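These notes concern the structure reproduced below.
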Amino acid sequence: GAEPIVLTLTRDQLVLVGDQPVHPKLLAAKLGPMLAGGPRPVYLKGDQRLPYGFVVDVLATLNRMGVEEIGMVTVPPDRR
Numbered sequence: 002g003a004e005p006i007v008l009t010l011t012r013d014q015l016v017l018v019g020d021q022p023v024h025p026k027l028l029a030a031k032l033g034p035m036l037a038g039g040p041r042p043v044y045l046k047g048d049q050r051l052p053y054g055f056v057v058d059v060l061a062t063l064n065r066m067g068v069e070e071i072g073m074v075t076v077p078p079d080r081r
């Protein structure tokens, strides 16, 4: 299958595409070219304490872009 895109959601409400921080409002522009070659699964990685609204916004963007396969990878909160 197509290689998945992994997005890391950060506590300061940015989205890391690879290691590049992207503001959620600019996510569609960033992902557009990556999805141009056909559908790819997208995996969201993030701390369980992220604000719910932020996660929903990112999911809404992915849905609007026609991403059909979205996986969640939860990371337990740091024990530091």
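For the sequence shown, the working numbering begins at 2 and goes up steadily by one.
For glycine and all other residues, C-beta sits at the position ideal for the given N, C-alpha and C.
Please read all numbers here as calculations on a predicted model, not as lab measurements.
Count the other CB atoms, across all protein chains shown, that sit within 10 Å of the CB of residue i; report buried if there are 16 or more and exposed otherwise.
i	result
G67	exposed
G47	buried
V59	buried
L27	exposed
V16	buried
To which residues does DSSP link residue i through a beta bridge?
i	result
Y53	Note: Y53 sits in no beta bridge, so no partner.
M73	L45
Do you know whose CA, among the options, lies nearest residue i's CA?
i	options	result
M35	Y53, I6, G72, V23	I6
Q14	R65, Y53, V43, P42	Y53
D57	G39, L17, P25	Asp is not the amino acid found at residue 57; the sequence shown has Val there. When only C-alpha atoms are compared, the closest one is P25.
V76	A3, E4, L10, G39	L10
Ignore the nearest five residues each way along the sequence and tell me which others in residue i's own chain have a CB closer than 6 angstroms to its CB.
i	result
V70	Before going further, note that residue 70 is Glu rather than Val in the sequence given. Excluding residues within five positions, the ones whose Cβ falls inside 6 angstroms are P42.
K31	V18, V23
Below 8 angstroms CB to CB, which residues in the same chain sit around residue i once its five sequence neighbours on both sides are set aside?
i	result
R33	Rather than Arg, the amino acid found at residue 33 in this sequence is Gly. Here the set comprises M66.
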